[in-house]
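Numbering (my numbering), first residue to last: 1 to 230. Every residue gets a Cβ at the ideal spot worked out from N, C-alpha and C, and that includes glycine. Structure record follows, encoded as structure tokens.
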Amino acid sequence: MSIILAAGYSTGEDAGQDLRVVAKGFATRKVLRFLDGASLAPFVAAATAYRRNPCCDPAEVALYTVSGWDGAQPDPPFTPDGSAEDDTRLGRHILEDANPTGWLRMLANNALCQVSIVEGFRGPNAHLAGDAEALWQALVTAGADLAGGMAKLALVVAYDPAEAELGNPSERTGSKAAALALTTGTGPDVLPAIIAAAEAAARAGKGALAAMEDCLAEFGDVPVAAGDAR
Numbered sequence: 001m002s003i004i005l006a007a008g009y010s011t012g013e014d015a016g017q018d019l020r021v022v023a024k025g026f027a028t029r030k031v032l033r034f035l036d037g038a039s040l041a042p043f044v045a046a047a048t049a050y051r052r053n054p055c056c057d058p059a060e061v062a063l064y065t066v067s068g069w070d071g072a073q074p075d076p077p078f079t080p081d082g083s084a085e086d087d088t089r090l091g092r093h094i095l096e097d098a099n100p101t102g103w104l105r106m107l108a109n110n111a112l113c114q115v116s117i118v119e120g121f122r123g124p125n126a127h128l129a130g131d132a133e134a135l136w137q138a139l140v141t142a143g144a145d146l147a148g149g150m151a152k153l154a155l156v157v158a159y160d161p162a163e164a165e166l167g168n169p170s171e172r173t174g175s176k177a178a179a180l181a182l183t184t185g186t187g188p189d190v191l192p193a194i195i196a197a198a199e200a201a202a203r204a205g206k207g208a209l210a211a212m213e214d215c216l217a218e219f220g221d222v223p224v225a226a227g228d229a230r
């Protein structure tokens, strides 16, 4: 059994287009409400890569997302002073003032959750926070899922915002994304070479998105858009 490349995609292919317009082709308005700048690109990348070659039932799709963005570090609503009044004000903000969808959009695994809802993915899944080394871990895990029969297709999606936006909350963070879809079949086993490309990117100190773009460029599936990698 070989692990082969089923599809690849980079948001660089849709450069110049509004990704929210692209996402409307996959999602209902209800789901779109939960997609902010940070999660929009990985949502589109996962959905596009799967639909380019939907070689199995979505219930048998594993999904792994990787990013250096930390959605748990948003701008605070105000600077706390530790007083009882301040605690009350913070509680009121969380329970009454804040938009509940806003809290969900700040989760780093938001794209994974929303695309799983839309497409019906039910295989193993996880979000890894990190750089090219985390992408390497996701690729190794995806390969193990396929080899062990836990999934018939494994999507690995990397997304990153610009360096200056890494500390921003989701509504002020635009990102780019790239995805690989792996499955089993006949032909050369490409996974070792893909993992080796991720390892080389990790040694070079690259981010998750830049590492994924290296993998895609090496296999010639999608062009690397100028300025995407860093």
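Beta-carbon contacts of residue i that lie in its chain and below 6 Å, excluding the five residues immediately before and after
i: E165; result: T173
i: V224; result: Note that V224 has pLDDT 36, beneath the 50 cutoff, so the model's placement of it is unreliable and the number below is only indicative. Excluding positions up to five away in sequence, the list reads E213, A217.
i: D189; result: S2, I3
i: V44; result: L19, V22, A23
i: G207; result: G68, D131, D160
i: L191; result: I3, G143
i: R52; result: A7
i: A226; result: Per-residue confidence for A226 stands at a pLDDT of 32, beneath the threshold of 50, marking its modelled position as unreliable; the derived number appears in the next sentence. Once the five neighbours on either side are set aside, A226 has no close Cβ partner at all.
i: P58; result: E119, G120, F121
Nearest-angstrom beta carbon gap, residue j and residue i [assumed within contact, 8 Å]
i: F26; j: A47; result: 4 Å
i: R105; j: S39; result: 7 Å
i: G68; j: G130; result: 7 Å
i: L35; j: Q114; result: 6 Å
i: A211; j: A198; result: 5 Å
i: A6; j: C55; result: 6 Å
i: G102; j: A49; result: Contact flag wrong, Cβ pair sits at about 28 Å.
i: E292; j: K152; result: No answer is possible for residue 292: the residues shown for the chain start at 1 and end at 230.
Chain-order list of residues whose beta-carbon lies under 8 Å from that of residue i (same chain, five-residue window excluded)
i: A200; result: D214
i: L32; result: R20, A23, K24
i: V222; result: With a pLDDT of only 37 at V222, under the threshold of 50, the placement of this residue in the model should not be trusted, and no figure is reported.
i: N110; result: F34, L35, D36, A38, S39, G71, L104, S170
Range covered by the beta strand (DSSP E) that runs through residue i
i: A129; result: 125-129
i: G10; result: The displayed chain sequence assigns Ser, not Gly, to residue 10. It spans 2-10 - the beta strand (DSSP E) in which S10 sits, taken as one unbroken run.
i: S67; result: 61-67
Range covered by the alpha helix (DSSP H) that runs through residue i
i: G143; result: 132-147
i: G37; result: 37-52
i: E13; result: That residue, E13, is in no alpha helix (DSSP H); it is neither H nor E in DSSP.
i: T88; result: 84-92
i: K30; result: 29-32
i: L209; result: 208-219
i: C113; result: 110-119
i: A23; result: 19-23
Contact set for residue i: own chain, Cβ-Cβ below 7 Å, skip 5 residues either direction
i: I195; result: W136, L139, V140
i: L112; result: L63, T65, N125, H127
i: A142; result: A62, Y64, A154, V156, L182
In chain order, which alpha helix (DSSP H) runs of at least 4 residues are fully inside the region 151-197?
-> Segments of the alpha helix (DSSP H) lying fully in the region 151-197: there are none.
For the 8 Å Cβ check, are there 3 or more pairs between the region 116-123 and the region 182-198?
-> Because the criterion of three Cβ pairs below 8 Å is not met, the region 116-123 and the region 182-198 do not touch.
Cβ contact (3+ pairs, closer than 8 Å) linking the region 185-192 and the region 148-159 = With a cut-off of 8 Å, the region 148-159 and the region 185-192 do not count as touching, because too few Cβ pairs lie within range.
Sufficient close CB pairs (3 or more, under 8 Å) joining the region 60-68 to the region 128-142 = The answer is yes - the region 128-142 touches the region 60-68, with three or more Cβ pairs under 8 Å.
Examine the Cβ distances between the region 81-90 and the region 142-153 and report whether three or more of them are shorter than 8 Å.
-> Taking 8 Å as the limit for Cβ pairs, the verdict is that the region 142-153 does not touch the region 81-90.
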